[in-house]
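Peer 1:
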Amino acid sequence: MSILGTAVSGLLAYQRALATTSHNISNASTEGYSRQRVELESRNPQMLGGSYVGQGVNVSTIRRLQDDLVDAHLRASLTDSANGEVRAAFAERVDQLLADETTGLEPVLESYFSAVQDVANDPTSMSARTVMLNEAETLVERFSHLDTQLDEQRALVNGQIETAVEEINQYAKSLAALNLEIVSGYSGGSAPNDLLDRRDNLLNHLAERVDITVNAQDDGSVNVFIGNGQQLVMRGGSNELVAEHLSADPENLDIGLKSRASAEPIDITRFMTGGELGALLETRTSILDTSQNQLGLIGLNLAARFNEQNALGLDLDGQLGQAIFGLPEVAVSASPDNDSASIPDVTISDVSTLTASDYRLTFNGTDFGLKRLSDNQVVALDDTTPGVLVGDGLTIDVSGLGDAEAGDDWLVQPTRFAAEGLSVEMTDPADIAAISGALADDGNQGEARVTGLRTTVSPLTADGTVPATVITNDSGDTYNLLSAQYGPDSGSAQVESFDVVDPQDAGLLTATTISYDAVEGRFDVDGELFTLDPSGTTTISMNGWELRIRGEPDDGAAFTIGVTAIPVATPQPAQTTIAGSGWELDIEGQPAAGDMFRLDLSAGREGDNRNLLVMAGIPEERLIEDRSTIQGGYDDILSEVGTQTRQAQIARDSSATVLEAAQAQREAISGVNLDEEAANLIRFQQAYQASAQVIATTQTIFDTLINAVR
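Counting along the sequence shown from 1, when you hit position 575 you're at 575 in full-length UniProt numbering, and nothing is skipped either side.
Below you can see the structure in the form of structure tokens.
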């Protein structure tokens, strides 16, 4: 090749180098741009006169400076950073909402418990009773307010899920289109560098939304996978994500994948991790679902326990107490895929064993099963009653599911909507039952407690009262019902009180008859005489018990101390129902030998505050899953949310640091350094000018030769 050809090759090569340098400088601030470099190679030499003579330079390629491993690390860092940012933002909002001293639950709990104590201090005060009901209203309003605030966060999560899904779909379509362009570009023999930059930038944006796996193909295209291997982008095509209600949960949006082979979306929610979308799903489950369920469990335990205790006392009218709080129904939703439209009837039968979990009821064609979703454990069910399943504090009536088919399932949410559904049913302050009706002794050593009291006839006696009753346990496996009763010939006399004063007395469980002789004015108890106090109350003590009779009975009137043995129900914990004269009493749990329970439904005890004293002690009882008090249960929510908030903040900060390092690493390889490009510009310009000078010199030589032959 001639000198001219060699010079022209240099001119063209450095022209390309100058153009590439200019391209780098122009895209120095372009997102995702990778620096390009012209790779030069010498042309094959030519043999002339026994020596090889060079023939100039060729542009072998324009190389895109990038590293696949560095780019993959950057995508992973973007996924983690976006995930941490979203998790921390939502966790901080929920933490602030629940822990706020003015809008949280703690101040209203304290106010309500204080109002209960005030009624216990002055049980006849109507103003104190009114304040207690007003504080109860404030309490249920705060439960509802907190639940509403959490619902608003859930709605925000659902909205961002929809946005993330829309963006993922748009990126997937753009990637599929770029794949086709890139394949076409490679067919020309060289890499379409700028198209590759655009694709990698789209992959980075996609990685911020969700965790992805990228597989490069031989033709230059890439396949993109999400979840546990679901295809999102395949060469020139893409599948579509949808945000819809695909499960039985009516509040949460699920993620479905619609492929070209199926019109119906496949629920892949449980597989979606990483990035903004993974953070939204994780936040919804670990913070919102958990907080609402635990808040509902606290509300249910508080309301049910106060209702239970109020029902064990007497109000100012001498009637058994009624419910203070109204409890919501259990939410049950059928799966959209069910063949049956029927819904099981689910009620809370024992709030003390209830958990802060959702449940899934399933049918396999023969049997029903219940899974606790918080730990994915199968719940042991008692199916003694046909068509009724009992477990984890729930009673599930499946008798109406005759049309259920194998594979049907239902979502059971006992506590999810409980905080919102609480109400105050009591409207009359006089209905607060401060007077003791049935109480366990403070000195009891066993775990048994009174859980229910009902009247079965009305009136119970001639004056509408129940004979004073004491229930003792002498062995741990048998209750002994001791009651003082009197017949219709008792005249004006009434049993004022009956009590066990010596549980160890050997004659305690001996039935005794007490007769009255009006002529002598004395009571005869198995030969032992007690003189009537005509102006007041006569006290009769014997066999470890003490009976107080007010007024004078008719001549020959008989009083009896009856004794009835009732076996303790098994297995424990179980409920023993003890029936007396016009009443039924429920005692749950295992008693210890010597434990005593007292029942007195007599009128005229308006100053009695013993039932309210028990209510005032409810804040100290471990009600929440038998491990936490009401306040402790709320503290557990704050602790859990606070812990998750701190973990999210740590993850956010650490992932941000890793992302900065990954970006710096990519920038070192692929970024445009303007100082370097300026130096290259000068260097290539000088080389270009030198090549041009060679051409000019060649022209001079050529002219000289032409002139020499003229």
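All C-beta atoms, glycine included, are put in the ideal place defined by N, C-alpha and C.
1. Report the rounded CA-to-CA distance for R610 versus G387, giving the unit in angstroms.
2. Within this structure, are the beta carbons of S655 and S81 separated by less than 9 Å?
3. For E528, which three-state DSSP category applies?
4. Between E240 and N169, is the Cβ-Cβ spacing less than 9 Å?
5. Given a cut-off of 9 Å, decide if Q160 and E244 are closer than it, judged by their beta-carbon atoms.
6. Give me, in chain order, the residues of the same chain whose beta-carbon lies closer than 7 Å to that of D317; leave out the 5 immediate sequence neighbours on both sides.
7. Helix, strand or coil, according to DSSP, for S483 in the structure here?
8. Can you pull the DSSP bridge partners for G326?
9. Which value, in whole angstroms, describes the spacing of the CA atoms of P553 and G521?
10. When the distance is taken between beta carbons, is G407 closer than 9 Å to S342?
11. Is DSSP giving S247 helix, strand or coil here?
12. Please report the residue range of the beta strand (DSSP E) in which T472 lies.
13. Can you tell me whether DSSP reads Q699 as helix, strand or coil?
14. Between the Cα of G391 and the Cα atoms of T366, S357, Y14, F143, which residue gives the shortest distance?
15. Does DSSP put R449 in a helix, a strand or coil?
16. Flag this pair as yes or no: are the beta carbons of R154 and L105 separated by less than 9 Å?
17. Roughly how many whole angstroms lie between the Cα atoms of V108 and Q631?
18. If you count every other CB in all the chains shown that lies within 10 Å of the CB of V222, and 16 or more means buried, which is it?
19. Entirely within the segment 549–602 and at least 3 residues each: give me those beta strand (DSSP E) ranges in chain order.
20. Does S2 come out as helix, strand or coil in the three-state DSSP assignment?
21. Report the three-state DSSP secondary structure of I268 (helix, strand or coil).
22. Between the alpha carbons of V332 and I182, how many angstroms are there, rounded?
23. Do the segment 620–640 and the segment 295–313 make contact, defined as three or more Cβ pairs closer than 8 Å?
24. Taking F597 and A440 to be in contact with their CB atoms under 8 Å, please state how far apart those CB atoms are, rounded to whole angstroms.
25. Assuming contact is defined by CB atoms lying nearer than 9 Å, are G227 and L257 in contact in what I supplied?
26. Using the three-state DSSP reduction, which class does D200 fall into: helix, strand or coil?
27. Just to confirm the assignment, what range does the beta strand (DSSP E) spanning S111 have?
28. The alpha helix (DSSP H) with L623 in it runs from where to where?
29. Per DSSP, what kind of secondary structure is Q230 in: helix, strand or coil?
30. Using the beta-carbon count (16 or more within 10 Å), is G437 buried or exposed?
31. Consult DSSP for residue 713 and reduce its assignment to one of helix, strand or coil.
32. For the alpha helix (DSSP H) that R260 lies in, which residues bound it at each end?
33. Comparing alpha-carbon positions, which option in A616, V568, L585, D586 lies nearest A593?
34. Using the Cβ count rule (16 or more neighbours within 10 Å means buried), how would you classify E282?
35. Determine the direct distance from the alpha carbon of A679 to that of Q686, and round the result to whole angstroms.
36. Report the rounded CA-to-CA distance for Q217 versus Q665, giving the unit in angstroms.
Peer 2: To lay it out plainly:
1. 41 Å
2. yes
3. strand
4. yes
5. no
6. A430
7. strand
8. S423
9. 10 Å
10. no
11. coil
12. 469–473 is the extent of the beta strand (DSSP E) around T472.
13. helix
14. S357
15. Correct three-state label for R449: strand.
16. no
17. 11 Å
18. buried
19. 558–567, 575–579, 583–588, 596–599
20. coil
21. Here DSSP, grouped into helix, strand and coil, assigns I268 to coil.
22. The C-alpha of I182 is placed about 52 Å away from the C-alpha of V332.
23. Taking a contact to require three or more Cβ pairs closer than 8 Å, the segment 620–640 and the segment 295–313 qualify as touching.
24. 5 Å
25. yes
26. The DSSP-derived three-state label of D200 is helix.
27. That residue, S111, is in no beta strand (DSSP E); its alpha helix (DSSP H) goes 106–121.
28. Note, L623: premise wrong, no alpha helix (DSSP H); not H, not E.
29. strand
30. buried
31. This structure leaves residue 713 out entirely; the chain is present only between 1 and 710.
32. R260 -> no alpha helix (DSSP H), and no H or E assigned at all.
33. V568
34. By the Cβ-count criterion, E282 is buried, with 16 or more other Cβ atoms from all chains shown falling within 10 Å of its own Cβ.
35. 11 Å
36. 25 Å
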